[in-house]
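Colleague: Attaching a single structure in structure tokens format; questions to follow.
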Amino acid sequence: MITQPSALLSFDAESARRGFRFDPEPHHYWLDQKRIPSVSEILEATGFKGRAKNATHQENIDRAGRRGTRVHLFTHWLDENDLDWSDVKDDEIPYVTGWEGFRQEHDFKPYLHETPMWDPDLLYGVTPDCFGTWHGGKPVIVEKKTGDHLYWHRFQTMFQKMTIRKWWPADYERVVVRLTSWGSALPREYKDDAIDSMICRAAVTCFQSQQTMGGLHGID
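Structure, rendered in structure tokens:
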């Protein structure tokens, strides 16, 4: 089970003490006056997550991102029993009903949604889609996608797990749920924590080295 109230109080108190904040645009995390990297920045800088190849590719990424943002918002409201279905466009409905089906099939009960957080040891920021319990109470981290399953998702969810369990200690499982335009939910679990965590830690070290040496992917 997830230790809930005391863990949330501890996270909030320590975040306030350290001056942690998140700027949604342009997706920057801060500790006091120092910006810390996001998981996306680390994965892009170390080559695990690809960048746009050209303007058309970037336009497609942006379009998919806008759809994903809306779907994430609607599924969040659905989880809180606060969704007005009239706000959902016809072509977005299958993604939301797919999420509804996933929750029912896997007995998923969310605890926290879209909560910006920071790793106190490795000093990066991350905002997991949601985490909670499934399959009769097992702790799980769930990442929602409206596109294909990609290789770097395993590292994204591992970064999330490394951070979440420091504030909410539990033995989390990791799953990425692909929500489709035809209303299905296609979950993919990642279980090789030993290798994935080793690679994530190495990626942080590489990113920090790039910063120190003034590499192209350093942050301000």
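In the numbering used here, the protein residues as written are 1 to 220.
In this text, a Cβ means the ideal position worked out from N, Cα and C, and glycines have one as well.
Everything numeric in this text was worked out from a predicted model, so none of it was measured.
Go through its chain and collect everything with a Cβ distance to Asp171's Cβ below 7 Å, but skip five positions before and after it.
Modeller: Pro139
Colleague: Rounded to a whole number of angstroms, what is the C-alpha to C-alpha distance between Val204 and Ser86?
Modeller: 43 Å
Colleague: Rounded to the nearest angstrom, what separates Gly214 and Asn81 at their Cα positions?
Modeller: Our two residues, Gly214 and Asn81, have alpha carbons roughly 48 Å apart in a direct line.
Colleague: Quick one: Cα of Tyr190 to Cα of Ser197, how far?
Modeller: Roughly 12 Å between the two C-alpha positions.
Colleague: Any idea what DSSP makes of His76, helix, strand or coil?
Modeller: Residue state for His76 is assigned as helix, using DSSP reduced to three classes.
Colleague: Roughly how many angstroms lie between the CA atoms of Asp121 and Gly132, to the nearest whole one?
Modeller: 23 Å
Colleague: Going by DSSP, which residues form a beta bridge with Cys130?
Modeller: His113 and Val142
Colleague: How would you write the range of the beta strand (DSSP E) that His28 sits in, first residue to last?
Modeller: Per DSSP, the unbroken beta strand (DSSP E) holding His28 starts and ends at His28 to Leu31.
Colleague: Where do the N-terminal and C-terminal ends of the alpha helix (DSSP H) with Tyr124 fall, by residue?
Modeller: The continuous stretches of alpha helix (DSSP H) do not include Tyr124, and DSSP gives it neither H nor E.
Colleague: On the criterion of 16 or more Cβ atoms from any shown chain inside 10 Å, does Pro26 qualify as buried, or is it exposed?
Modeller: Exposed, because fewer than 16 other Cβ atoms sit within 10 Å of the Cβ of Pro26.
Colleague: DSSP on Ala13, reduced to helix/strand/coil?
Modeller: helix
Colleague: In chain order, what residues of the same chain lie with their CB nearer than 6 Å to the CB of Thr56, ignoring the 5 residues before and after it?
Modeller: Because Thr56 carries a pLDDT of 43, less than 50, the predicted location of this residue cannot be relied on, and the following value inherits that uncertainty. Counting only Cβ-Cβ distances below 6 Å, and skipping sequence neighbours, we find nothing.
Colleague: Does DSSP put Val204 in a helix, a strand or coil?
Modeller: Residue state, collapsed to three classes: helix.
Colleague: Below 8 Å on the Cβ atoms is my guess for Tyr124 versus Val39; work out the distance and round it to an integer in Å.
Modeller: Under the criterion of beta carbons closer than 8 Å, Tyr124 and Val39 qualify as touching, at roughly 6 Å.
Colleague: In whole angstroms, give me the CA-to-CA distance for Lys145 and Ala7.
Modeller: 27 Å
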